[in-house]
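The listed protein sequences derive, respectively, from chains S and C. Take the position in the first sequence, starting the count at 1, then add 3; the result is the number in our numbering. Take the position in the second sequence, starting the count at 1, then add 3; the result is the number in our numbering. Using N, Cα and C, we set each Cβ at its ideal position, and we do this for glycine too. For reference, the structure discussed in these notes is given below.
Number of protein chains: 2
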Amino acid sequence: MGRIRFRSVKSVMDNAKNQDPPREAAAHGDAVRGSNQSGMRAHNERLVLTLVRQMGPLPKAEIARMTGLSAQTVSVIMRALEADGLLEKGAPIRGKVGQPSVPMGLVAQGAYFLGLKIGRRSLEMILVDFLGRVQGRAQTSHRFPEPDAVVRFAEKAMTQLLGKLPVQHRKRLAGLGIAMPYRLWEWADALKVDPAQMAAWQDRDVAVEIAQRLEVPVYLQNDASAACGAELVFGDQDKPRNFLYFFVGFFVGGGLVLDNALYTGRTGNAAALGSAPVPSGDGQMRQLVDLASLATLEKALLNEGGNSDQIWGDSQEWTVPAHLLEHWLDGAAQGLAHVIAGSVCLIEFDCVVIDGWMPDHLREALVARTVAQLKRSALPGIDVPDIRVGTIGSDARALGAASLPLSNRFLVDRNALWKG
Amino acid sequence: MGRIRFRSVKSVMDNAKNQDPPREAAAHGDAVRGSNQSGMRAHNERLVLTLVRQMGPLPKAEIARMTGLSAQTVSVIMRALEADGLLEKGAPIRGKVGQPSVPMGLVAQGAYFLGLKIGRRSLEMILVDFLGRVQGRAQTSHRFPEPDAVVRFAEKAMTQLLGKLPVQHRKRLAGLGIAMPYRLWEWADALKVDPAQMAAWQDRDVAVEIAQRLEVPVYLQNDASAACGAELVFGDQDKPRNFLYFFVGFFVGGGLVLDNALYTGRTGNAAALGSAPVPSGDGQMRQLVDLASLATLEKALLNEGGNSDQIWGDSQEWTVPAHLLEHWLDGAAQGLAHVIAGSVCLIEFDCVVIDGWMPDHLREALVARTVAQLKRSALPGIDVPDIRVGTIGSDARALGAASLPLSNRFLVDRNALWKG
DNA sequence: CCTCAATAAGTAAATTAGATTTATTTAATA
DNA sequence: TATTAAATAAATCTAATTTACTTATTGAGG
Numbered sequence: 004m005g006r007i008r009f010r011s012v013k014s015v016m017d018n019a020k021n022q023d024p025p026r027e028a029a030a031h032g033d034a035v036r037g038s039n040q041s042g043m044r045a046h047n048e049r050l051v052l053t054l055v056r057q058m059g060p061l062p063k064a065e066i067a068r069m070t071g072l073s074a075q076t077v078s079v080i081m082r083a084l085e086a087d088g089l090l091e092k093g094a095p096i097r098g099k100v101g102q103p104s105v106p107m108g109l110v111a112q113g114a115y116f117l118g119l120k121i122g123r124r125s126l127e128m129i130l131v132d133f134l135g136r137v138q139g140r141a142q143t144s145h146r147f148p149e150p151d152a153v154v155r156f157a158e159k160a161m162t163q164l165l166g167k168l169p170v171q172h173r174k175r176l177a178g179l180g181i182a183m184p185y186r187l188w189e190w191a192d193a194l195k196v197d198p199a200q201m202a203a204w205q206d207r208d209v210a211v212e213i214a215q216r217l218e219v220p221v222y223l224q225n226d227a228s229a230a231c232g233a234e235l236v237f238g239d240q241d242k243p244r245n246f247l248y249f250f251v252g253f254f255v256g257g258g259l260v261l262d263n264a265l266y267t268g269r270t271g272n273a274a275a276l277g278s279a280p281v282p283s284g285d286g287q288m289r290q291l292v293d294l295a296s297l298a299t300l301e302k303a304l305l306n307e308g309g310n311s312d313q314i315w316g317d318s319q320e321w322t323v324p325a326h327l328l329e330h331w332l333d334g335a336a337q338g339l340a341h342v343i344a345g346s347v348c349l350i351e352f353d354c355v356v357i358d359g360w361m362p363d364h365l366r367e368a369l370v371a372r373t374v375a376q377l378k379r380s381a382l383p384g385i386d387v388p389d390i391r392v393g394t395i396g397s398d399a400r401a402l403g404a405a406s407l408p409l410s411n412r413f414l415v416d417r418n419a420l421w422k423g
Numbered sequence: 004m005g006r007i008r009f010r011s012v013k014s015v016m017d018n019a020k021n022q023d024p025p026r027e028a029a030a031h032g033d034a035v036r037g038s039n040q041s042g043m044r045a046h047n048e049r050l051v052l053t054l055v056r057q058m059g060p061l062p063k064a065e066i067a068r069m070t071g072l073s074a075q076t077v078s079v080i081m082r083a084l085e086a087d088g089l090l091e092k093g094a095p096i097r098g099k100v101g102q103p104s105v106p107m108g109l110v111a112q113g114a115y116f117l118g119l120k121i122g123r124r125s126l127e128m129i130l131v132d133f134l135g136r137v138q139g140r141a142q143t144s145h146r147f148p149e150p151d152a153v154v155r156f157a158e159k160a161m162t163q164l165l166g167k168l169p170v171q172h173r174k175r176l177a178g179l180g181i182a183m184p185y186r187l188w189e190w191a192d193a194l195k196v197d198p199a200q201m202a203a204w205q206d207r208d209v210a211v212e213i214a215q216r217l218e219v220p221v222y223l224q225n226d227a228s229a230a231c232g233a234e235l236v237f238g239d240q241d242k243p244r245n246f247l248y249f250f251v252g253f254f255v256g257g258g259l260v261l262d263n264a265l266y267t268g269r270t271g272n273a274a275a276l277g278s279a280p281v282p283s284g285d286g287q288m289r290q291l292v293d294l295a296s297l298a299t300l301e302k303a304l305l306n307e308g309g310n311s312d313q314i315w316g317d318s319q320e321w322t323v324p325a326h327l328l329e330h331w332l333d334g335a336a337q338g339l340a341h342v343i344a345g346s347v348c349l350i351e352f353d354c355v356v357i358d359g360w361m362p363d364h365l366r367e368a369l370v371a372r373t374v375a376q377l378k379r380s381a382l383p384g385i386d387v388p389d390i391r392v393g394t395i396g397s398d399a400r401a402l403g404a405a406s407l408p409l410s411n412r413f414l415v416d417r418n419a420l421w422k423g
């Protein structure tokens with residue numbers, strides 16, 4: 004319906020099925036769908052865009068070889084995408100026998116996306132281009148998140164961010180994504196807020212409310228899975244096809260990439276690893292969130308009479324006593340190692356990515372300790388996966404939010420091929 | 004190449020891409036493939052067969068509604084499948100307004116499949132029809148599995164089982180599946196066999212060797228995942244789209260169904276849950292296989308001077324002292340509960356299925372205790388999934404082996420759509 | 001240095017496959 | 001007899017493949 008089209012060309016741009024609210028899309032519990040020609044074309048267009056995004060600019064012939072599609076088909080598809088303003092020719096590459104190849108790469112101005120992060124302490128909206136580069140940013144902080152305030156902020160921030168964009172680019176806004184903790188209302192205690200004040204979240208659907216104020220599709224995802232999406236879509240290249248992701252913030256959560264696509268499962272809450280059981284030394288079971296979240300670090304800091312505001316203000320400039328950090332790092336690494344060891348038995352990841360809201364050196368220390376802990380507690384039959392530091396950092400959740408409309412409209416996913 | 008065709012019709016039957024050795028198919032690590040028309044047709048045919056298998060006989064119009072395909076397309080596809088001898092018309096259903104609907108169901112003789120189970124104590128081959136009904140069975144027991152003996156047995160059993168089949172049905176053999184423990188050679192100690200005698204498994208590929216003696220494709224899968232496949236393909240209807248599966252045999256292993264398809268991951272060894280870490284009371288980490296496998300029960304039995312042969316002979320008639328069973332059940336349930344609680348955070352299953360080589364009442368007791376244990380150790384944020392007893396039972400691995408060629412040629416899977 | 005064979009990229013036109021649309025037939029109920 | 005629903009034939013449409021060609025380059029031979 005009110006969906007923007009950049010060009011009136013039958014193409015991936017027209018794949019208008021994705022404007023359903025994200026909850027429905029995530030559920031995909033309907034009957035299995037058949038596939039038809041238009042689904043096929045849309046899929047092949049997404050495939051081309053996905054490959055170019057992953058590998059950088061590629062000539063048509065190379066795409067044809069990689070996809071197994073005929074050269075002619077790829078030629079038609081890529082010229083259409085070029086006409087759509089999503090791909091552009093690069094400088095011809097000479098030096099090899101035969102006609103020079105013309106690599107085609109993504110056009111930065113091809114599409115724009117808004118990402119809204121709803122955090123425990125702040126709201127943030129960013130505007131990114133087709134390459135995932137941040138073009139604008141708006142922020143506000145709060146003591147705890149409220150639906151009305153979120154909608155008001157979103158409306159103001161959208162206007163402000165889009166206002167900065169050259170007029171001809173504004174209509175290339177392709178969607179807005181929201182990254183928000185799952186079941187926000189259950190965390191009132193942890194946020195030291197009256198549960199009644201958080202109860203509003205149970206009945207409100209900010210995604211729908213924001214969608215009413217915008218002409219483009221709106222997607223909602225839990226914050227850690229969204230951050231995982233940022234790593235998948237915007238992260239360093241040569242990402243493996245399957246990986247497990249952790250984002251350590253006020254709480255800790257996970258994300259899961261299977262076959263190059265974010266896996267969000269039946270209810271959209273897959274990889275809710277904060278709840279994963281972790282044995283603590285005393286034989287009692289605890290949960291990953293008790294060990295590896297910044298809420299735990301904050302508590303320790305407050306117990307010693309410290310001030311926790313500095314943690315939430317800037318992710319790079321922390322002055323936390325070393326012994327507290329040490330203790331927190333050990334616990335967090337132990338928890339992460341246990342969850343990784345269990346998860347890798349279920350799904351064989353090529354690697355695990357750990358990111359979070361914290362100074363770079365701390366992220367690296369956390370990864371190093373997790374690796375060490377995994378080696379120490381090695382069990383037969385479990386291959387320790389490659390563990391890496393996230394390449395996005397503190398912005399992962401907002402960027403991940405922005406990646407949702409991008410993935411849904413321009414990248415291959417398991418559902419893109421089927422009939423609407 | 005040497006692939007049997009039941010009819011020279013362009014259809015799912017001709018989808019000859021699947022004859023690669025299963026390891027390659029499982030790896031699917033190649034570049035992402037594009038999709039073309041023949042892939043589309045093959046997919047839609049598989050979709051129809053999958054729906055009819057899941058739901059029972061369905062009229063064309065109903066399939067059209069469920070798949071979203073046009074009535075005409077479904078009509079063409081289903082008539083082709085009928086001509087292929089895979090579907091047949093049932094009695095017209097009258098009593099509703101309009102022309103009576105003619106439900107179409109699977110033809111039992113539409114295809115046959117061989118399933119070879121390589122066990123620690125025995126070899127078994129079964130022949131099943133398109134409905135998964137066992138049409139023939141051959142067995143032999145051994146002290147430990149040897150490649151040469153396996154190939155010899157397979158050759159003899161194939162001849163014998165196919166010999167029983169009416170001649171015109173023999174050419175409808177669609178493939179052979181093998182269910183075999185992963186990394187068999189690592190279990191020499193547990194089987195109390197000289198590691199040198201098991202080393203041969205490292206260099207031999209019985210799937211390839213058997214394939215050379217057979218005109219149809221051969222697939223290999225670890226035994227627990229194969230058993231999971233049996234539950235998916237042949238198990239009771241109304242199976243959820245996503246479930247976790249355990250098979251408790253000499254060892255314990257898992258299987259994983261995502262979006263109605265067996266998920267075997269990068270190396271084909273997904274859901275290797277026997278290796279999953281489980282905390283034991285004393286603060287030490289153990290693995291599920293130490294708690295929930297029959298090897299553990301056997302050890303306890305032998306420790307008390309009992310005879311374990313009765314366990315392996317018949318899965319229904321056990322005479323194991325009650326206190327040993329009690330102790331084993333408790334440990335196994337504890338282990339399963341921990342692994343389930345961890346796994347459900349990663350992937351939100353609709354349900355968990357537990358099956359195994361054991362008397363029916365014991366399987367039910369194991370499920371009941373696992374449920375109780377999960378409730379006892381409930382942690383916030385973890386929804387306890389529905390836990391069910393497997394509907395296949397002791398035959399699950401052999402039936403699962405037979406389900407592999409069936410799934411690969413006749414049912415939807417994530418890869419069926421792409422170009423070969 | 002020039003020429004030309006070889007090679008590879010890229011595309012237009014014709015062909016093919018398979019889904020959809022439209023119109024029609026059939027067979028039941030109300 | 002009107003209405004409804006299933007089923008399908010014929011025509012149409014879409015998108016991929018095949019075939020045949022052009023273009024632009026390198027590298028070998030003169």
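Exercise for the section: Thinking A340(C) and Q376(C) are a contact (beta carbons under 8 Å), I'd like their distance in whole angstroms, please. Expected result: Numbered from its first residue, the second sequence carries residue 340(C) at position 337. Numbered from its first residue, the second sequence carries residue 376(C) at position 373. The C-beta distance from A340(C) to Q376(C) rounds to 4 Å, short enough to fall under 8 Å.
Round the Cβ separation of V356(S) and E234(S) to the nearest angstrom and send it over; I've been treating them as touching at under 8 Å. Within the first sequence, numbered from 1, the residue matching residue 356(S) stands at position 353. Within the first sequence, numbered from 1, the residue matching residue 234(S) stands at position 231. Confirmed, Cβ separation roughly 6 Å.
Q.
Taking 8 Å as the cut-off, does the stretch 213 to 233 of chain S touch the stretch 174 to 188 of chain S (at least 3 CB pairs, one atom from each stretch)?
A. At 8 Å Cβ cutoff, the stretches touch.
task = Taking a Cβ distance cut-off of 9 Å, strictly less, list which residues of the stretch 245 to 264 of chain C are near chain S, in chain order.
result = Going along the stretch 245 to 264 of chain C in chain order, one finds N245, L247, G257, L259, L261, D262 and N263 with a Cβ nearer than 9 Å to chain S.
Point to revise | Where G268(C) falls: helix, strand or coil (DSSP) | key: Position 265 of the second sequence, counted from the first residue, corresponds to residue 268(C). It is coil, neither helix nor strand.
I'd like to know whether the C-beta of S104(S) is nearer than 8 Å to at least one C-beta of chain C. Locating residue 104(S) in the first sequence gives position 101, where the first residue counts as 1. No, because no Cβ of chain C sits closer than 8 Å to the Cβ of S104(S).
**Q.** Residue-chain proximity (S227(S), chain C), Cβ-Cβ < 8 Å
**A.** Numbered from 1 along the first sequence, position 224 holds the residue referred to as residue 227(S). Looking at the sequence shown, residue 227(S) is not Ser but Ala. Chain C contact via Cβ: absent.
For M288(C), go through chain S and note every residue whose CB falls closer than 9 Å to its CB, in chain order. As a working note, residue 288(C) is residue 285 in the second sequence. Near M288(C) (Cβ distances below 9 Å), the residues of chain S are P282, H341, A344, S380 and L382.
Discussion item. Taking the straight line between their C-alpha atoms, what separation do you get for L259(S) and E351(S)?
Written reply: Walking along the first sequence from the start, residue 259(S) turns up at place 256. Walking along the first sequence from the start, residue 351(S) turns up at place 348. Between L259(S) and E351(S), the C-alpha separation is close to 11 Å.
Taking C-beta pairs closer than 7 Å, name the residues in chain S that G37(C) reaches, listed in chain order. Counted from its first residue, the second sequence places residue 37(C) at position 34. Those are N47, L50, T70, G71 and L72, listed as they occur along chain S.
Note to self: Closer than 8 Å between beta carbons: that is the criterion. Which residues of the stretch 122 to 154 of chain C meet it against chain S?
What the structure shows: Residues passing the 8 Å Cβ filter: none.
Taking 8 Å as the CB-CB limit, is N411(S) close to chain C? Stepping through the first sequence from its first residue, residue 411(S) is reached at position 408. No, because no Cβ of chain C sits closer than 8 Å to the Cβ of N411(S).
When you compare the CB positions of V153(C) and I121(C), do they come within less than 8 Å of one another, or not?
The residue you call residue 153(C) lines up with position 150 of the second sequence. The residue you call residue 121(C) lines up with position 118 of the second sequence. Closer than 8 Å, so yes.
Can you pull the DSSP bridge partners for Q353(S)?
Taking the first residue of the first sequence as 1, we reach residue 353(S) at position 350. Sequence inspection shows Asp at residue 353(S); the Gln mentioned does not correspond to that position. DSSP output for D353(S) lists no bridge partner at all.
key: Residues sharing a beta bridge with G309(S), DSSP   = Position 306 of the first sequence, counting from 1, holds the residue named residue 309(S). G309(S) is not bridged to any residue.
Pair every Cβ in the stretch 95 to 114 of chain C with every Cβ in the stretch 167 to 178 of chain C, then say whether three or more of these pairs are closer than 8 Å.
Result yes; three or more Cβ-Cβ pairs closer than 8 Å.
*Cα separation between L179(C) and K159(C)?*
Taking the second sequence and counting its residues from 1, one reaches residue 179(C) at position 176. Taking the second sequence and counting its residues from 1, one reaches residue 159(C) at position 156. One C-alpha to the other measures close to 14 Å.
Which residues, in chain order, does the stretch 304 to 320 of chain C contribute to contact with chain S at a C-beta distance below 7 Å?
So nothing in the stretch comes that close.
Nearest chain C C-beta to A399(S) closer than 8 Å, yes or no?
By 1-based counting over the first sequence, the position of residue 399(S) is 396. No, because no Cβ of chain C sits closer than 8 Å to the Cβ of A399(S).
Label H364(C) either buried or exposed according to how many other C-beta atoms from any shown protein chain fall within 10 Å of its C-beta, with 16 as the threshold for buried. In the second sequence, residue 364(C) corresponds to position 361, counting from 1. That one is exposed.
Please report the straight-line C-alpha distance between Q171(S) and T267(S), rounded to a whole angstrom.
Here residue 171(S) refers to the residue found at position 168 when the first sequence is read from its first residue. Here residue 267(S) refers to the residue found at position 264 when the first sequence is read from its first residue. Rounded to the nearest whole angstrom, the CA to CA distance from Q171(S) to T267(S) is 35 Å.
Discussion item. Measuring only the C-alpha atoms, how far is Q215(S) from T162(S)?
Written reply: Start at 1 with the first residue of the first sequence, and residue 215(S) comes out as number 212. Start at 1 with the first residue of the first sequence, and residue 162(S) comes out as number 159. Spanning the two alpha carbons is a distance of roughly 14 Å.
D132(C) - DSSP class collapsed to helix/strand/coil:
The residue given as residue 132(C) occupies position 129 in the second sequence. In the structure shown, D132(C) adopts coil according to DSSP, grouped into three states.
Exercise. Check the C-beta distance from L52(S) over to C348(C) and give it rounded, since I have them as a contact under 8 Å.
Key: The residue given as residue 52(S) occupies position 49 in the first sequence. The residue given as residue 348(C) occupies position 345 in the second sequence. Wrong, their Cβ atoms sit about 32 Å apart, outside the cutoff.
Presumed contact (8 Å Cβ cut-off) between A368(C) and L332(C), rounded CB distance = Taking the second sequence and counting its residues from 1, one reaches residue 368(C) at position 365. Taking the second sequence and counting its residues from 1, one reaches residue 332(C) at position 329. About 6 Å separates the CB atoms of A368(C) and L332(C); that is less than 8 Å, so the two are in contact.
- For D206(S), the first and last residue of its enclosing alpha helix (DSSP H): Your numbering for residue 206(S) matches position 203 in the first sequence. Counting along the chain, D206(S) sits inside the alpha helix (DSSP H) bounded by residues A203 to D206.
Exercise. Run down chain C in chain order and give the residues with a C-beta less than 8 Å from the C-beta of S296(S).
Key: If you number the first sequence from 1, residue 296(S) lands on position 293. Simply none; closest approach about 13 Å.
Cβ atoms of M128(S) and V55(S): under 8 Å apart, would you say? Here residue 55(S) corresponds to residue number 52 of the first sequence, with the count starting at 1. Here residue 128(S) corresponds to residue number 125 of the first sequence, with the count starting at 1. Taking 8 Å as the Cβ cut-off, V55(S) and M128(S) do not qualify as a contacting pair.
Check your understanding: Just checking my contact of G338(S) with L291(S) at CB under 8 Å: how many whole Å lie between their CB atoms?
Key -> To locate residue 338(S), count along the first sequence from 1; it is residue 335. To locate residue 291(S), count along the first sequence from 1; it is residue 288. Between L291(S) and G338(S) the Cβ distance is about 5 Å, and since that is below 8 Å, they are a contact.
(request) Anything in chain S within Cβ reach of D416(C), meaning under 7 Å, just list it in chain order. (result) Taking the first residue of the second sequence as 1, we reach residue 416(C) at position 413. Within chain S, no residue comes near D416(C); the closest Cβ sits about 12 Å away, beyond 7 Å.
query = If the cut is a Cβ gap below 8 Å, which residues of chain S does R269(C) touch?
reply = The residue labelled residue 269(C) in the question sits at position 266 within the second sequence. Here the neighbours are R244, N245, E351 and D353.
Q. If we call anything under 8 Å between Cβ atoms a contact, is L119(S) one with L89(S)?
A. Residue numbering aside, residue 119(S) sits at position 116 when the first sequence is read from its first letter. Residue numbering aside, residue 89(S) sits at position 86 when the first sequence is read from its first letter. Not a contact, by the Cβ cut-off of 8 Å.
In chain S, what lies closer than 7 Å to C348(C) by C-beta? Counting from one through the second sequence, the residue named residue 348(C) turns up at place 345. Those within 7 Å of C348(C) in chain S are A275, L276, S278 and A279.
Identify the contact partners of I385(S) in chain C, using a Cβ-Cβ distance below 9 Å as the criterion.
Counting from 1 along the first sequence, the entry for residue 385(S) is found at position 382. Near I385(S) (Cβ distances below 9 Å), the residues of chain C are A275, S278, A279, P280 and Q290.
task = Please go through the same chain and pick out, in chain order, the residues whose beta-carbon is closer than 7 Å to the beta-carbon of S311(C), but skip the five residues on each side of it.
result = Along the second sequence, read from residue 1 onward, the residue named residue 311(C) stands at position 308. Hits under 7 Å: E301, L304 and L305.
Strictly below 7 Å CB to CB, what residues from chain C border M107(S)?
As a first step, residue 107(S) must be located in the first sequence, where it is residue number 104. What M107(S) touches in chain C: nothing, since even the nearest Cβ is about 16 Å away.
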